[in-house]
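Asks:
In the numbering used here, the protein residues as written are 48 to 490.
(1) Between the C-alpha atoms of residue 224 and residue 357, what's the straight-line distance to the nearest angstrom?
(2) Leaving out five residues on either side along the sequence, give the residues of the same chain with a beta carbon under 6 Å from the beta carbon of residue 408.
(3) Does any CB atom of chain C fall closer than 8 Å to the CB of residue 55?
(4) For the beta strand (DSSP E) containing residue 437, name the first residue and the last one.
(5) Near residue 60, what residues of its chain come up, given a Cβ to Cβ distance below 6 Å and the 5 sequence neighbours on each side ignored?
(6) In chain order, which continuous runs of the beta strand (DSSP E) of length 3 or greater are located wholly inside the segment 138 to 203?
(7) Determine, using beta-carbon pairs with one atom in the segment 257 to 271 and one in the segment 360 to 368, whether at least three such pairs fall under 8 Å.
(8) Can you name the start and end residues of the alpha helix (DSSP H) that residue 96 belongs to?
(9) Can you tell me the Cα-Cα spacing of residue 355 and residue 249, whole angstroms?
(10) Between residue 434 and residue 457, is the Cβ-Cβ spacing less than 8 Å?
(11) Does the separation of the CB atoms of residue 140 and residue 165 fall below 8 Å?
(12) Could you tell me which residues DSSP pairs with residue 345 in its beta bridges?
(13) Using 8 Å as the threshold, is the C-beta distance between residue 247 and residue 121 below it?
(14) Could you tell me the alpha carbon to alpha carbon distance between residue 253 and residue 130, rounded to whole angstroms?
(15) Starting from the C-beta of residue 468, find all residues in its chain whose C-beta is less than 6 Å away, skip the five residues before and the five after it, and write them out in chain order.
(16) Cα-Cα, which of 255, 78 and 424 is closest to residue 391?
(17) Taking 8 Å as the cut-off, does the segment 335 to 343 touch the segment 76 to 88 (at least 3 CB pairs, one atom from each stretch)?
(18) Please classify residue 348: is it buried, with 16 or more other beta-carbons within 10 angstroms of its beta-carbon, or exposed?
(19) Under three-state DSSP, which class holds residue 272?
(20) Work out the CA separation of residue 465 and residue 376 for me, nearest whole Å.
(21) Give the DSSP-derived three-state secondary structure of residue 265 in the structure shown.
(22) Measuring alpha carbon to alpha carbon, tell me which residue in 450, 442, 333 and 452 is nearest residue 484.
(23) Can you list, in chain order, the residues of its chain whose CB lies under 7 Å from that of residue 389, leaving out five sequence neighbours each side?
(24) Residue 411: which of 475, 297 and 211 sits nearest, CA to CA?
(25) Can you tell me where the alpha helix (DSSP H) holding residue 358 begins and where it ends?
(26) Does the segment 236 to 244 come within contact of the segment 206 to 225, defined as at least 3 CB pairs closer than 8 Å?
(27) Have a look at the DSSP bridge pairing and note the partners of residue 225.
(28) Assuming residue 206 contacts residue 305 (C-beta within less than 8 Å), just tell me the rounded distance between them.
(29) Indicate the three-state DSSP secondary structure (helix, strand or coil) for residue 478 in the structure shown.
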């Protein structure tokens, strides 16, 4: 892990088509990034894994896809209009902007800019929500916001989902979707951006059982990263202190990852109490109490939230998978993705373009693509092609050579060990499935 730097991650991400700067030909758009062919595939695989963990493996959690644009009163009720702010300071000389809570204490005390030494302004509160207008007129009646989180879409639909799906407490609602925050400072590549995607699950429980469920979901979310093959010594828990707790939270913990820029939040597990539903009852005038017919009770549920950034998780996976090692006097750069996450599962490589090897390799790729994500590469020496696939994180390479034409076998190469074995084409699919299922990164 000592070899991982943000500069190397950014360079590889662009070189191999994971992430590009948005609108790069115009100088780029701050706080926005585009996901290339490998990036969008990795992002989709992370999302599918999370969705499987939440929905497929839990009988009492269902999915939702709520709208980005919501009634403005939603954000009054949630407290975002009043509380969703950061402390902003400007430099009068160089015009740089800073979050006051991230400035060194000596700069805040002396009111001196850390960049140029100029005088700093007084601190003022800056609301992070993006504003826009709905309809042909731009006035106060048409003001609307791009959602800063996906959770509120779950809360306003919770009663609809109970009625439609006949759910009983405890139950959860999960959602993956875009969110937008007008950050004062965007930095560290895709770690903090203005446009991003969240993977959130809201678990509705009976008041009094919330502490128990809070601890349960902490255990489940920690175990999830073990499944992904993440370096667990690079993860830790951080409990929010009294000055960190959000206005809605009874208790909150972050799972932090040791990124190249230090320990940073990866996912939050929060006990949101019954704040959100109580506020929506107050502002909407609708009865959002849960009716427990079995016990003849009515109450406003407490909510346990698990909230992870999809794009931030992608950055973590890139950093965690990145490795360098010396092979025959040269540095091999490799992304050691879990095969379930790798954008390309298997690459098919003809040893030569001629003598029908390329045609045979194409036939093999077509045979495999129904079951696996595949790539085909015939350009350059075979060793150079292996290195390209290593940088893309492809766990398996298949080489079609002259022996393949004689006995219908191919060479199967393993990314992590670089071991090569000979295997019959008829056994390939089963062998690949076994390798994926049995994969242990640190075995």
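We put the beta carbon where it would ideally sit given N, CA and C, even for glycine.
Replies: This is what the structure gives:
(1) Position 177 of the chain shown, counted from the first residue, corresponds to residue 224. Position 310 of the chain shown, counted from the first residue, corresponds to residue 357. One C-alpha to the other measures close to 9 Å.
(2) Within the chain shown, numbered from 1, the residue matching residue 408 stands at position 361. Closer than 6 Å at Cβ, skipping near neighbours: 395, 397 and 447.
(3) As a matter of chain content, chain C is missing from the structure shown, which is built from one protein chain.
(4) Against the chain shown, residue 437 aligns to sequence position 390. Unbroken run through residue 437 is the alpha helix (DSSP H), 429 to 439; no beta strand (DSSP E).
(5) Here the question's residue 60 lines up with position 13 in the chain shown. Hits under 6 Å: 66.
(6) 144 to 146, 171 to 174, 177 to 180 and 190 to 193
(7) no
(8) Residue mapping note: residue 96 aligns to position 49 of the chain shown, counting from 1. From DSSP, the alpha helix (DSSP H) with residue 96 extends over 84 to 98.
(9) Here residue 355 is taken as the residue at index 308 of the chain shown, counted from 1. Here residue 249 is taken as the residue at index 202 of the chain shown, counted from 1. Approximately 12 Å between the Cα atoms of the pair.
(10) For the purposes of this step, residue 434 is identified with residue 387 of the chain shown, where counting begins at 1. For the purposes of this step, residue 457 is identified with residue 410 of the chain shown, where counting begins at 1. Their beta carbons are not under 8 Å apart, which means residue 434 does not touch residue 457 by this criterion.
(11) Start at 1 with the first residue of the chain shown, and residue 140 comes out as number 93. Start at 1 with the first residue of the chain shown, and residue 165 comes out as number 118. Against a cut-off of 8 Å, the Cβ pair of residue 165 and residue 140 comes out as a contact.
(12) Position 298 of the chain shown, counted from the start, is the residue given in the question as residue 345. Bridge partners of residue 345: 338.
(13) Within the chain shown, the letter at position 200 stands for residue 247. Within the chain shown, the letter at position 74 stands for residue 121. No. Outside cutoff.
(14) Position 206 of the chain shown, counting from 1, holds the residue named residue 253. Position 83 of the chain shown, counting from 1, holds the residue named residue 130. Cα-Cα distance, rounded: 27 Å.
(15) Start at 1 with the first residue of the chain shown, and residue 468 comes out as number 421. Here the set comprises 459.
(16) Within the chain shown, the letter at position 344 stands for residue 391. Here the closest residue by C-alpha is 424.
(17) no
(18) Taking the chain shown and counting its residues from 1, one reaches residue 348 at position 301. The residue in question, residue 348, is buried, as its Cβ has 16 or more Cβ neighbours within 10 Å.
(19) Working through the chain shown from its first residue, we reach residue 272 at position 225. Looking at residue 272 - three-state DSSP - the assignment turns out to be helix.
(20) As a working mapping, residue 376 is identified with position 329 in the chain shown. As a working mapping, residue 465 is identified with position 418 in the chain shown. The straight-line gap from Cα to Cα measures roughly 15 Å.
(21) Looking up residue 265 in the chain shown gives position 218. Of the three classes helix, strand and coil, the one that applies to residue 265 here is helix, per DSSP.
(22) Reading the chain shown from its first residue, position 437 is the one you call residue 484. It is 442 whose Cα lies nearest to the Cα of residue 484.
(23) Along the chain shown, read from residue 1 onward, the residue named residue 389 stands at position 342. Excluding sequence neighbours, residue 389 sits near 440, 441 and 442.
(24) Residue 411 sits at position 364 when you count from the first residue of the chain shown. Here the closest residue by C-alpha is 475.
(25) If you number the chain shown from 1, residue 358 lands on position 311. Start and end: 357 to 368.
(26) yes
(27) Here residue 225 is taken as the residue at index 178 of the chain shown, counted from 1. According to DSSP, which records beta bridges pairwise, residue 225 is partnered with 244.
(28) Position 159 of the chain shown, counted from the first residue, corresponds to residue 206. Position 258 of the chain shown, counted from the first residue, corresponds to residue 305. Not confirmed; about 41 Å, so no contact.
(29) The residue you call residue 478 lines up with position 431 of the chain shown. The answer is helix: DSSP assigns residue 478 an H, G or I state.
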